[in-house]
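Remarks on the structure that follows.
Numbering (the numbering used here), first residue to last: 218 to 355.
Set out below in structure tokens:
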């Protein structure tokens, strides 16, 4: 059985959670009257991120990043290709080039790699613009 501290250290972004909790505690100690302002600003950022994401989906309904993947990620799941690759190695089969590319959780079609990257950057820019607009405007 794994030690609880070891499990705790494997939590994704654990150090950032600790930093956030520490900063929140410092704000609470130094200036407790600012807690509602901090909560308000945090909720604005979170709300604007959700609005930005849905704005991107509404503006570009046929250019979702998931549309450029090798297979439908909802149907196959993240471990589909990794498991196939591991099984081929266990059977002492030499994986061919296409199989070795399939080690990614969600492989992208070769012809659409650049377009996939552009779509991801577009979504990040739209979400960032909405967040900046909301946080700077209110």
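Glycine included, every Cβ here is placed at the ideal spot set by N, Cα and C.
What three-state label does DSSP hand residue i in the structure shown?
i	result
residue 261	helix
residue 286	strand
residue 243	helix
residue 230	coil
residue 256	helix
residue 249	helix
Pick from the options: whose alpha carbon is nearest that of residue i?
i	options	result
residue 323	230, 276, 293 and 337	293
residue 288	341, 224, 329 and 348	329
residue 252	269, 347 and 238	238
residue 272	256, 353 and 341	341
residue 268	339, 335, 230 and 347	347
residue 285	248, 333, 350 and 351	333
residue 336	350, 257, 229 and 282	282
residue 351	232, 231 and 261	261
residue 338	354, 270, 327 and 326	270
So what does residue i bridge to, in DSSP terms?
i	result
residue 267	Note: residue 267 sits in no beta bridge, so no partner.
residue 205	A question about residue 205 goes unanswered here, because the residues of the chain that appear run from 218 up to 355.
Leaving aside the five residues before and after residue i along the sequence, list all residues of the same chain whose C-beta is less than 7 Å from its C-beta, in chain order.
i	result
residue 278	none
residue 266	344 and 348
residue 280	336
With a CB to CB cut of under 8 Å and the five nearest residues on each side skipped, what residues in its chain are close to residue i?
i	result
residue 325	285, 286, 287 and 333
residue 234	228
residue 274	281
residue 244	251, 252 and 255
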